[in-house]
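Peer 1: Chains as they are written, first to last, in the working numbering: chain A, -9 to 246; chain B, -9 to 246; chain C, -9 to 246; chain D, -9 to 246.
For glycine and all other residues, C-beta sits at the position ideal for the given N, C-alpha and C.
All figures in this text were calculated on a predicted structure; none of them were measured in a lab.
Number of protein chains: 4
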Amino acid sequence: MLTTGRSEEFRTEQGLEKAAGVLRDERFDGVIAIGGDGTMHGLHALKQHWKGQLIGIPGSIDNDIYGTEYSIGFDTAVNNALQAIDKIRDTAESFQRVFLVEVMGRHSGAIALHVGIASGASAILIPETPTDLKKIAQKIISGREAGKSSSIIIVAEGEETGGASVVGEKLSEMVGEKCRVSVLGYIQRGGNPTRYDRILATRLGVRAVEGMIAGLDGVMLGEQACEIVETPFEKTWSVKKELDKWMLSLMDELAT
Amino acid sequence: MLTTGRSEEFRTEQGLEKAAGVLRDERFDGVIAIGGDGTMHGLHALKQHWKGQLIGIPGSIDNDIYGTEYSIGFDTAVNNALQAIDKIRDTAESFQRVFLVEVMGRHSGAIALHVGIASGASAILIPETPTDLKKIAQKIISGREAGKSSSIIIVAEGEETGGASVVGEKLSEMVGEKCRVSVLGYIQRGGNPTRYDRILATRLGVRAVEGMIAGLDGVMLGEQACEIVETPFEKTWSVKKELDKWMLSLMDELAT
Amino acid sequence: MLTTGRSEEFRTEQGLEKAAGVLRDERFDGVIAIGGDGTMHGLHALKQHWKGQLIGIPGSIDNDIYGTEYSIGFDTAVNNALQAIDKIRDTAESFQRVFLVEVMGRHSGAIALHVGIASGASAILIPETPTDLKKIAQKIISGREAGKSSSIIIVAEGEETGGASVVGEKLSEMVGEKCRVSVLGYIQRGGNPTRYDRILATRLGVRAVEGMIAGLDGVMLGEQACEIVETPFEKTWSVKKELDKWMLSLMDELAT
Amino acid sequence: MLTTGRSEEFRTEQGLEKAAGVLRDERFDGVIAIGGDGTMHGLHALKQHWKGQLIGIPGSIDNDIYGTEYSIGFDTAVNNALQAIDKIRDTAESFQRVFLVEVMGRHSGAIALHVGIASGASAILIPETPTDLKKIAQKIISGREAGKSSSIIIVAEGEETGGASVVGEKLSEMVGEKCRVSVLGYIQRGGNPTRYDRILATRLGVRAVEGMIAGLDGVMLGEQACEIVETPFEKTWSVKKELDKWMLSLMDELAT
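Here it is as structure tokens:
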């Protein structure tokens, strides 16, 4: 059982040289690494110091890596968030209140978008698109007048959205009612993985081993439209991963 | 909140005529129905009695309907089964035993295949392919000799596999050790739906409403390689839905 | 991390002597053992072969050990069963059917009694009291006539009740409708323990260590009316643990 | 299905008189109310305006009402928190970090105390007793030096403890490492209730109905050492409910 660590030393030329030395001494033929864009940067940098095969597998709950539709961990994280929101909804409906729920995704609205649509949220705030809080406030007020007892609004963490606390203060003033805030935080990680993540991890893992045997080198494996695709390391972070257009348009309709 | 019912009357010409009469009287323009192959048969039959638009959406935990990669409910059912197996594994490892876990799928091994691969089972028995129990027994015996403490084997219910009880008796004799049997049954249904099922249901539901407005008629909607596709009702049951070839080959490797 | 094992050898005089020899050679001062009545028998037998201190802690999902209100594992097992039944209830209500759910407890109705009352079952069948199936059938029929859509009946496993399959066949005939059967089995074990079990285990564990230091010997620790009590090993299996009278009377009222 | 509401009007003499009028007009014989100290205050005040029978049942996740060992909802809330912490522990152990987890209980450390002991926390901060942060910091530092990879510290919300964010900032400075903060918030409410809460609610509910028939009036029912006890309304808030002494002493030992 290996644990996870972020190594500052690995970001330096000396650190990379040291790692390459270990791989040479131990006669490794190749390395398969699972992780986010930090991992892909690391593999890319290691390439300059070592001649062995390097294959990346996308693992990140944020789902912000270019070259794969989903990264390992995203489905589990969204399901963790949904389970928490199912509990919060019990409280929201009993007490007839507005709840702002902050989910992970500092620079990507992917978690917020999926959580929001899957939980039937009244509105979703993500870093990729500007938010018209007045429109949301107006929707809450007219909903309240029409007898709607409670609302759940999903907010992606981070500077661009302001986070649920800041949004909550503004919105409370606009709707004349104290909105409740819940920051899901670390409970989105951890727990037993879902079918989707286990099958995706198995598929990418098997392909990585097959690729290793076949001489594959310098790419991250991913899944696109049910096919396994290969993406050079640099592209995984230099090309911006777009959010699903259909989900974005549905998000816009929610806010209307 | 509508509940679910199987109507014998609806399977007769008089029943269909009665239903068509209600739809005419109430001036319905169309019907969107969610269900398995019984539902698609029903929609097809109703077509002969009523001129309105009919659109089907695949909902079945068995995932055995042609025209869609996944049907609504399958992901939730497999995740329910995985959660149960995570608990059974605690017992299997503590007591160092062989467990046979029976999952749903009388005529389709889709649940068993996903559950088995996602749970790292030692073997998977499905109705689609014959099983060499001797090979499985041999694998358990050599695993035991090599120090492997416990094994979990997934069995799809039904006549073709024999079900977990029958398989368990045969296997117990072959390996000289009482194998334990667990039939998951109805706990695979129910519970809060997963992200995957909620997003799939939202996507198909929105498309069905858009299709209704645009005049769509006589087809079931499904998702294939991330695209929405339309399949005439008859094809959904007359064409056999194949299991994923890659997963089948992985299943064969497990048993080696 | 120690695993669990049932040792046939330990049931023989030679096995006990061998164990005592190991304890003497390794200079153990005492042993604290967690388990059910098999464990208490073992401690009692070991006493004849070894002079060290022996303390027992009741751990059994069946909750059938005299000398403690609850044994470690019982609360977790009942909660596991309740979570499964919450899922089965979704199906029962959708399809408007009678479900028989079999829970663990071959010789004790404790799990069935708690599960049945906590899940609002229509009836509970336990080994300790005879069951009048006709009365239950009558109740289902009159409930059905009064518009009650579904019923859940809890059956303790074992010969005395017949188990859910046997009861299901008889009842199906009596009520003229196929009753569904679900055997929860091993999913009642395993999973993360509950608050109740963790606090009980902590309390008994701390007391056992304190007792060991203070010279305590030859007893099982238990909790009765919020106090820690000590019971000699023989009494833990020779005195029959009674079911809660209030819960039994409530069970009788359910069946009326 | 009734929802929950806090009524400002009910806190005035006119509001109480209006409520009493409704009860008189509808010819109620009595009212059984479930809730926390606000509910008991309300019942006490209503007594001055209405002659019918009034019985209270303690329902509060904070478990801060005098007259019962546990109030309905507490066990479910603690189990919800434990499930969240089991997920956070996965992250804490992977990343080898210190986590501060804030649980509910503005004026009572009951949730924090149970969650902390049941989750094996390194320290617990509650409003009832002063906390020596330096001792906790010292323990983390010496644990780190001894190879302990991660720590979880439970903090009760509120002014007395400062809450997890404030504590986190101070502690991060003391241990020279950024401590992570997780505020569990509303996910502690909601979800399916546990065995303990369902059995407690059944027991108190049955007793309340029996009491109503027998003429019981002016008291809250509770459970103490497995017996049902009656407490006059005023005493439920005027007498301070003490925390379990044994758990407090265990908490002190943790911090050493």
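1) Please classify residue 206 of chain B: does DSSP put it in a helix, a strand, or coil?
2) Under 9 Å, CB to CB, which of the residues in the region 93 to 112 of chain B have a partner in chain A?
3) As a quick exercise: from D:153, D:202, D:14, D:182, pick the residue whose alpha carbon is nearest that of residue 69 of chain D.
4) Is there a Cβ of chain D sitting closer than 8 Å to that of residue 199 of chain C, yes or no?
5) Within a Cβ cutoff of 7 Å, which residues of the same chain sit near residue 114 of chain B, ignoring the five residues on either side of it in sequence?
6) Give the C-beta separation of residue 71 of chain D and residue 93 of chain D to the nearest angstrom, bearing in mind that I take them to be a contact with Cβ-Cβ under 8 Å.
7) Do the region 112 to 126 of chain C and the region 202 to 209 of chain C meet, that is, are 3 or more Cβ pairs less than 8 Å apart?
8) If I measure Cβ to Cβ from residue 174 of chain D and keep anything under 6 Å in the same chain, skipping five residues before and after, which residues do I get?
9) Using only the alpha-carbon positions, how far apart do residue 211 of chain D and residue 194 of chain D sit?
10) Give me the DSSP bridge partner(s) of residue 20 of chain C.
11) So with CB distances below 9 Å, who are the chain C contacts of residue 51 of chain D?
12) Throw me the rounded Cβ distance for the residue 20 of chain A and residue 44 of chain A pair, which I believe falls under 8 Å.
13) Rounded C-beta distance between residue 177 of chain A and residue 197 of chain A? I'm assuming under 8 Å.
14) What span of residues does the beta strand (DSSP E) with residue 167 of chain C cover, start to end?
15) For residue 39 of chain D, I'd like the list of residues in its chain whose CB is within less than 6 Å of its CB, leaving aside the five on either flank, ordered along the chain.
16) Ordered along the chain, which non-local residues of its own chain (more than five positions away) have a Cβ less than 8 Å from that of residue 140 of chain A?
17) Give the straight-line distance between the Cα atoms of residue 12 of chain D and residue 149 of chain C, rounded to the nearest whole angstrom.
18) Taking CB distances under 8 Å as the criterion, tell me whether residue 184 of chain C reaches chain B.
19) Output yes or no for whether 8 Å exceeds the beta carbon distance between residue 127 of chain C and residue 165 of chain C.
20) State the beta-bridge partners of residue 146 of chain C as determined by DSSP.
21) Where does residue 229 of chain C fall in DSSP's three states?
22) Taking C-beta pairs closer than 7 Å, name the residues in chain D that residue 298 of chain C reaches, listed in chain order.
23) Considering only C-alpha positions, which residue in the set B:61, B:159, B:41, B:109 is nearest to residue 49 of chain B?
24) Identify the contact partners of residue 80 of chain B in chain C, using a Cβ-Cβ distance below 8 Å as the criterion.
25) Taking the beta carbon of residue 216 of chain B as the centre, do at least 16 other beta carbons fall within 10 Å, making it buried, or is it exposed?
26) Check whether chain A comes within 8 Å of residue 88 of chain D, counting only Cβ atoms and requiring the distance to be less than that.
27) So is residue 196 of chain D in contact with chain C if we call contact Cβ pairs under 8 Å?
28) If we ignore side chains and look at the alpha-carbon of each, how far apart do residue 34 of chain B and residue 226 of chain B end up?
29) Got a sec? Which residues, its chain only, sit under 6 Å from residue 264 of chain D by beta carbon, not counting five neighbours each side?
30) Would you report the Cα separation of residue 46 of chain A and residue 221 of chain A, rounded to the nearest angstrom?
31) Among the candidates C:53, C:65, C:57, C:237, whose CA atom is the shortest distance from the CA of residue 97 of chain C?
32) Do you know offhand how far residue 200 of chain A's Cα is from residue 22 of chain A's?
33) What would DSSP say about residue 86 of chain C, mapped onto helix, strand or coil?
34) At a Cβ threshold of 8 Å, is residue 77 of chain D touching chain A?
35) Taking the alpha helix (DSSP H) that residue 100 of chain A belongs to, which residues open and close that run?
36) Can you have a look at residue 111 of chain B and say buried or exposed, based on whether 16 or more other CB atoms are within 10 angstroms of its CB?
Peer 2: So, to answer that:
1) coil
2) 104, 105, 107, 108, 109, 110
3) D:182
4) no
5) 102, 103, 106, 144, 241, 244
6) 5 Å
7) no
8) 71, 74, 93
9) 7 Å
10) C:43
11) The contacting residues do not exist; residue 51 of chain D stays about 12 Å from chain C at best.
12) 7 Å
13) Not quite, the Cβ-Cβ distance comes to about 31 Å (not below 8 Å), so this is no contact.
14) It is not in any beta strand (DSSP E) - residue 167 of chain C carries neither H nor E in the DSSP assignment.
15) 6, 7, 10
16) 79, 82, 83, 85, 86, 87, 88, 89
17) 56 Å
18) no
19) yes
20) C:93
21) coil
22) Examination of residue 298 of chain C is not possible in this model, given that chain C is present from -9 through 246 alone.
23) B:61
24) 179, 180, 181
25) exposed
26) no
27) yes
28) 11 Å
29) Nothing about residue 264 of chain D can be reported from this structure: the residues present for chain D run from -9 to 246 only.
30) 9 Å
31) C:53
32) 11 Å
33) coil
34) yes
35) 100 to 108
36) buried
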